[in-house]
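Numbering (the numbering used here), first residue to last: 3 to 307.
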């Protein structure tokens, strides 16, 4: 009887193996809970930033309608007036307001999350952080559409853009295509919204190095550089940059490489040429040229100041 009782007692408890299994299961469930919470928490932050920007843009546009200009500040430490509009962000969000002539740029940040909005770019445009840089998630698509056959862009007081194949709808897919002088604002201020700018060649090298390109490779004069940095930056790449294959317009050969290449200006230029980046759908390296003619029309991606 005693032996039977002991056997029953042993069977009613947990073995070491069973205890280890329970511990592993609890650990897995804890990880799932943490990951789920993290995802929900980030989405809540993103929704809060987008909501703040949408509401703020409405208030700024109403202010402009009433006062024929946008406010000089959104400082809530002073009363509302014909030059000031108090706009308070949600808890944890930070708003940076940058008025421009006849427009504004509003940047909302919370940790590594970043969104921006202007009266021209609504809805809000998100940012992606690569290393310590915040890049807009989409190509720039500002300005008045004009066809290539109508002539070159000019310093006429308004932003102009080409759309691939002279089809305006393509600008909604890939962003506008700009000749270098137009993109750089003819030496005044580039066409990125206030608080952002067209990157220099050096800034794009910084991005590539953050994606594990070596300094030697970044500085190389070779056309193809690095290993898989182009793959990381192109559409669907792991960096989140998502460069769409919008092609470009070549001054000598017309429309080139639509649906195959993403081509971007940098602000680094000389007399008639400038430095560019090209990322392709079928090759993984990052391609750099220091001699692209400024009369060509390429895509623009803005980086935060």
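Glycine is no exception: its CB is placed at the ideal position from the N, C-alpha and C atoms. Since the structure is predicted, the reported quantities are computational estimates derived from the model, not experimental observations.
What is the C-beta distance between residue 305 and residue 137, in whole angstroms, given that I count them as a contact (C-beta under 8 Å)?
5 Å
Determine whether the beta carbon atoms of residue 268 and residue 283 lie at a separation below 9 Å.
no
Starting from residue 155, follow its DSSP beta bridges and name the residues at the other end.
DSSP output for residue 155 lists no bridge partner at all.
Cβ pair count under 8 Å reaching 3, the region 130 to 145 against the region 169 to 179
yes
Where DSSP assigns a beta bridge to residue 2, which residues make up the other side?
Residue 2 lies beyond the residue range present for the chain, which begins at 3 and ends at 307; the question has no answer from this structure.
Following the continuous alpha helix (DSSP H) through residue 129, name the residue where it begins and the one where it ends.
That residue, residue 129, is in no alpha helix (DSSP H); its beta strand (DSSP E) goes 127 to 132.
Please return the same chain residues whose Cβ sits closer than 7 Å to the Cβ of residue 122, not counting the five positions on each side in sequence.
105, 144
Per DSSP, residue 89 is paired with what?
None, per the DSSP bridge assignment.
In this structure, what does DSSP give as the bridge partners for residue 106?
101
When the Cα atoms are used, what is the spatial distance from residue 40 to residue 133?
Caution is warranted here: a pLDDT of 46 is assigned to residue 40, below 50, making its placement in the model unreliable, and the coordinate value is therefore given only provisionally. Rounded to the nearest angstrom, the two C-alpha atoms are 21 Å apart.
Determine the closest residue to residue 102 out of 82, 92, 89, 72, with distance taken between C-alpha atoms.
72
Suppose you measure from the CA of residue 256 to the CA of residue 166; what does that come to, to the nearest Å?
10 Å
Mind reading off the beta-carbon distance from residue 95 to residue 50? Whole number of angstroms is fine, and I expect it under 8 Å.
6 Å
Check each candidate in 53, 230, 151, 129 and name the one with the smallest Cα separation from residue 252.
151
Mark residue 287 as exposed unless 16 or more other C-beta atoms lie within 10 angstroms of its C-beta, in which case mark it buried.
buried
Inter-residue CB distance, residue 300 and residue 244 (contact presumed, cutoff 8 Å):
Actually they do not touch by this definition, with Cβ atoms about 17 Å apart.
If you measure from the beta carbon of residue 237 to each beta carbon in chain C, is any gap under 9 Å?
In the displayed structure, chain C is absent; only one protein chain is listed.
Please identify the residue among 172, 135, 191 whose C-alpha is closest to the C-alpha of residue 157.
191
Below 9 Å between beta carbons: does that hold for residue 52 and residue 98?
no
Which same chain residues, not among the five before or five after residue 112, have their C-beta less than 8 Å away from its C-beta?
47, 50, 51, 94, 95, 96
Excluding the 5 residues preceding and the 5 following residue 38 in the sequence, name in chain order all residues of the same chain whose CB lies nearer than 7 Å to its CB.
Low per-residue confidence applies at residue 38: pLDDT is 49, beneath 50, and the placement is therefore not dependable, though the value from the model is reported in the following sentence. Excluding positions up to five away in sequence, the list is empty.
Within 10 angstroms of its Cβ, does residue 1 collect 16 or more other Cβ (buried), or is it exposed?
This structure gives no information on residue 1, because the portion of the chain shown stretches from 3 to 307.
Identity of the residue in 62, 230, 195 nearest residue 215 by Cα
230
Does the beta-carbon of residue 115 have 16 or more other beta-carbons within 10 angstroms, so that it is buried, or is it exposed?
buried
Local Cβ density within 10 Å of residue 291, reported as buried at 16 or more and exposed below that:
exposed
For residue 76, the nearest candidate out of 85, 146, 70, 18 (CA to CA):
85
For residue 81, which residues from the same chain have a beta carbon less than 6 Å from its beta carbon, with the 5 sequence-adjacent residues on both sides left out?
none
Give me, in chain order, the residues of the same chain whose beta-carbon lies closer than 7 Å to that of residue 120; leave out the 5 immediate sequence neighbours on both sides.
105, 106, 107, 195
Drop a sphere of 10 angstroms on the beta-carbon of residue 171, count the other beta-carbons inside from all chains shown, and report buried for 16 or more, exposed for fewer.
exposed
Mapping the DSSP letters down to three states, classify residue 191 as helix, strand or coil.
coil
Nearest by alpha-carbon distance to residue 199: which of 23, 186, 234 is it?
186
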